[in-house]
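Step one of this worksheet: look at the structure below.
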Amino acid sequence: MKRGTLGILALVAIVVIAFMSYIGSKNTMVAKHNDVQTQFSNIDTQLQRRADLIPNLVSTVKGYAKHEETVFGDIANARAGLLNARDPQSKIAANNQLDGAIGRLLALSESYPDLKSNQNFLALQDQLEGTENRIAVERRRYNDTLRDYNTYIQQFPASLWAGFAGFHTDNDYFQADQGSRTAPKVTF
Numbered sequence: 004m005k006r007g008t009l010g011i012l013a014l015v016a017i018v019v020i021a022f023m024s025y026i027g028s029k030n031t032m033v034a035k036h037n038d039v040q041t042q043f044s045n046i047d048t049q050l051q052r053r054a055d056l057i058p059n060l061v062s063t064v065k066g067y068a069k070h071e072e073t074v075f076g077d078i079a080n081a082r083a084g085l086l087n088a089r090d091p092q093s094k095i096a097a098n099n100q101l102d103g104a105i106g107r108l109l110a111l112s113e114s115y116p117d118l119k120s121n122q123n124f125l126a127l128q129d130q131l132e133g134t135e136n137r138i139a140v141e142r143r144r145y146n147d148t149l150r151d152y153n154t155y156i157q158q159f160p161a162s163l164w165a166g167f168a169g170f171h172t173d174n175d176y177f178q179a180d181q182g183s184r185t186a187p188k189v190t191f
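When you line the sequence shown up against the working numbering, it's residues 4 to 191, in that order.
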């Protein structure tokens, strides 16, 4: 074979290998991106479950704590914010706001001993606790899936093709609130 023919064959082989690398990387990036979206939907499902529990919890507490309108307003606003949020950043922010409002609502039970013994309240509190656990599990899974996606598109050879194919790192991780990172002071 002539040198020119060998050069052309080598060039064609390089192009074919690069094209196959691109196709393989792009398909994997699409699959991993879809996994991230699926995991966020799983969180969304649990957030919706919690949002659906809240009106029942609020109505139970209202019967005992009629003058705590500020807390009830905070819950209503935070819940509306969560239900209206569309993108991950907005949902994460609204969820953090709702977490704080729920904490204040549950703290009311300390001021109303009759409320703490109400079977409806206790059942709703148990359901809310179970839902919070589900949310925590789904958040962890989402963060793991997002980390896997980010790692993949930053590694060779996918890193060569990620920007070209329209894939970028995503840093919409669920994180603990700033306030929850400080240990509470407990005195006995």
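Beta carbons are placed, not taken as given, at the ideal position from N, Cα and C, and that holds for glycine.
Keep in mind it's a predicted model, so treat the numbers as computed, not measured.
The alpha carbon of Asp-38 has as its nearest neighbour, out of Tyr-152, Asn-121, Ala-168, the alpha carbon of Tyr-152.
Rounded to whole angstroms, Asp-102 and Gly-166 show a C-alpha spacing of 36 Å. Beyond the five residues adjoining it in sequence on each side, Ala-104 comes within less than 6 Å, by CB distance, of Asp-77, Ile-78, Ala-81 in the same chain, given in chain order.
By the criterion of a C-beta distance shorter than 7 Å, Gly-10 is surrounded by no residue of its chain, once the five residues flanking it on both sides are discounted. If you draw a straight line from the Cα of Ser-114 to the Cα of Val-33, it is about 52 Å long. Ranked by Cα distance from Ser-93, the options Leu-50, Thr-73, Leu-131, Leu-108 are led by Leu-50. Ser-120 and Thr-63 have their C-alpha atoms spaced approximately 12 Å apart. In the same chain as Ile-138, and ignoring 5 residues on each side of it, the C-beta atoms closer than 6 Å to its own belong to Gln-49, in chain order.
Counting C-beta pairs closer than 8 Å gives three or more between the region 124 to 131 and the region 50 to 60, which meets the contact rule. The three-state secondary structure of Phe-75, taken from DSSP, is helix. In the structure shown, Asp-90 adopts coil according to DSSP, grouped into three states.
Taking C-beta separations shorter than 6 Å and ignoring five residues to either side along the sequence, Leu-14 has no partners in its chain. Relative to Phe-43, the option among Ala-16, Ala-110, Ala-88 whose CA is nearest is Ala-88. Taking the CA atoms as reference points, Gly-27 sits about 10 Å from Pro-160. Between the C-alpha atoms of Leu-12 and Lys-5 there is a straight-line separation of about 11 Å.
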